[in-house]
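As structure tokens, the structure follows; a few thoughts come after it.
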Amino acid sequence: MTAPVEQGAAKQLPDSVVSGDTTIHTGDVHQTTVVPEGPSPLGWFNLGLVVIAIILAVTSMLTDAWLVDHSEDEVLGFTIVSDIQVGLDDMSVTACIDGDCETSESDIGDEHDDCKKSLEELEVDSDDEAWDSCNELGQLATAGLTGIILISLGVVALLGAGALLVMSQLGHLFPFSKLSPLAGGVLGLGGVLVWWVLHPDIGDVELKLGWSAWVAITSGALAVLAGLSPTIHRLQSPGERAPGIGARALEENERDREFVIRESSTGDSTMSLIWVNELLRVVNVERSVGETKVEDRFMTRREALSGFSHERYDWLDTYRSLWWVTTGAGVVLLFIVP
Numbered sequence: 231m232t233a234p235v236e237q238g239a240a241k242q243l244p245d246s247v248v249s250g251d252t253t254i255h256t257g258d259v260h261q262t263t264v265v266p267e268g269p270s271p272l273g274w275f276n277l278g279l280v281v282i283a284i285i286l287a288v289t290s291m292l293t294d295a296w297l298v299d300h301s302e303d304e305v306l307g308f309t310i311v312s313d314i315q316v317g318l319d320d321m322s323v324t325a326c327i328d329g330d331c332e333t334s335e336s337d338i339g340d341e342h343d344d345c346k347k348s349l350e351e352l353e354v355d356s357d358d359e360a361w362d363s364c365n366e367l368g369q370l371a372t373a374g375l376t377g378i379i380l381i382s383l384g385v386v387a388l389l390g391a392g393a394l395l396v397m398s399q400l401g402h403l404f405p406f407s408k409l410s411p412l413a414g415g416v417l418g419l420g421g422v423l424v425w426w427v428l429h430p431d432i433g434d435v436e437l438k439l440g441w442s443a444w445v446a447i448t449s450g451a452l453a454v455l456a457g458l459s460p461t462i463h464r465l466q467s468p469g470e471r472a473p474g475i476g477a478r479a480l481e482e483n484e485r486d487r488e489f490v491i492r493e494s495s496t497g498d499s500t501m502s503l504i505w506v507n508e509l510l511r512v513v514n515v516e517r518s519v520g521e522t523k524v525e526d527r528f529m530t531r532r533e534a535l536s537g538f539s540h541e542r543y544d545w546l547d548t549y550r551s552l553w554w555v556t557t558g559a560g561v562v563l564l565f566i567v568p
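Next comes the structure, spelled out in structure tokens:
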């Protein structure tokens, strides 16, 4: 049975566990309690990485500098400069002649539909080179749409990961919450990779990756780093002992008493005996980044152990003079009685 409780709080056990005067229960009791710790610097660092990754991913989708090209030529004494920017769903072409610039923007999907409709109206043969240009636009639109879908899913996953990290910093740890940013990072990087594989070459223009694509790659890399950093931290410093005392089931200001039986060299694993009112508990305490896990191994009433104490044998010490007299008399009788 797992139940989150405040650190140091005594747990109210079922009557069947501690019933009876001298009955000791071991096998029937195996309860686990996760005691949350305070927020960690590494947790805030990972949360910051996730926030930055979300901002970068959204920025990459809203900008059109995924593929870029810049060219400058001299024609009949005129300087002609052209800039091409291709995004996931839009593209823009800027042409300048001696400083007089004109920019045209268009939606890639609409351009493909218009091109296809025009060729069908003109009844152009499917083998004509004009269809190649339309097909390139269609492939470019498909690649962009696929990239948008995957990166958007990555943003949603990062939002969920951010919520889990905030809750873990507040003491509500969920399974795999520390690894949750990995999902958003993998989806984001996968979106960039799939877009790159699907996008076609556009005519004779040599397009290069623009800053929007690099922003998306950076976003995915930061999310992956946020998901892997707890594991990396644990692998890099497996033997370091954290400052302060080792793992404990109770806080120092609690009235209940805790006696450490065994403790690991790093202080992250402890076996303790806890005295809570009339109840004795033997627990295993495991501490990791952000949480302390307390697992009951044995519990009984304190009075159940009184039968094995020295109190039952005090009469041996109280009447020791009588035993000395009896022993002396026995020795004397050995010489008197034939």
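Note that our numbering has the sequence shown beginning at 231, numbered continuously upward.
Don't be surprised by glycine CBs; every beta carbon is placed ideally from N, CA and C.
Simplified DSSP assignment, three categories, for residue i
i	result
Leu510	strand
Ile310	strand
Asp299	strand
Val435	coil
Lys408	coil
Asp340	helix
Thr289	helix
Glu525	strand
Asp330	strand
Val598	What the structure shows of the chain is the stretch from 231 to 568, and residue 598 is not part of that stretch, so it cannot be assessed.
Asp362	helix
Leu383	helix
Ser322	strand
Thr556	helix
Leu452	helix
Leu181	Residue 181 is absent from the model: the chain starts at 231 and stops at 568.
Contacts around residue i, its chain only, beta-carbon distance under 6 Å, and the 5 residues preceding and following it disregarded
i	result
Glu570	Since the first residue shown for the chain is 231 and the last is 568, residue 570 is missing from the structure and cannot be characterised.
His300	Asp313
His402	none
Ser449	Ala283, Leu286, Ala287, Gly418
Arg492	Met501
Leu437	Leu297, Asp299
Glu332	Ala325
Lys347	none
Asp187	The structure shown does not extend to residue 187, since the chain is modelled only from 231 to 568, so the question has no answer here.
Residue from the options whose Cα sits closest to the Cα of residue i
i	options	result
Ala391	Gly457, Trp444, Gly450	Gly457
Glu366	Val316, Leu383, Leu352	Val316
Leu439	Ile285, Ala295, Pro269	Ala295
Thr461	Ser407, Glu436, Leu509	Ser407
Ile285	Ala446, Trp425, Phe528	Ala446
Asp330	Ile310, Asp343, Leu318	Ile310
Leu395	Lys347, Ser502, Ser449, Leu409	Leu409
Leu306	Asp328, Thr289, Val323	Asp328
Leu292	Trp441, Ile432, Glu341, His429	Trp441
Pro271	Ile566, Ser459, Phe565	Ser459
Ser398	Lys347, Val386, Gly273, Pro430	Gly273
Val385	Cys345, Ser290, Asp319	Ser290
Leu277	Arg464, Leu352, Ala393, Phe308	Ala393
Val435	Glu350, His463, Val323, Ala413	Val323
CB contact flag (residue i, residue j, <8 Å)
i	j	result
Ala451	Ile381	no
Ala453	Gly415	yes
Pro411	Leu388	yes
Asp526	Val513	yes
Heavy atom of the ligand ATP within 7 Å of residue i beta-carbon
i	result
Val561	In terms of ligand content, the structure shown is empty, and the ligand ATP therefore cannot be addressed.
Neighbourhood of residue i by C-beta, 7 Å cutoff - its chain only, sequence neighbours within 5 removed
i	result
Leu455	Leu279
Met321	Asp294, Gln315, Ser336, Ile338
His342	Cys364, Leu367, Gly368, Ala371
Minimum Cβ-Cβ distance from residue i to chain B less than 8 Å
i	result
Ser499	Note that chain B does not occur in the displayed structure, where there is just one protein chain.
Other residues of its chain near residue i: CB distance less than 8 Å, five sequence neighbours each side excluded
i	result
Asp362	none
Next item on the list: Determine, using beta-carbon pairs with one atom in the region 362-376 and one in the region 423-436, whether at least three such pairs fall under 8 Å.
Entry: yes
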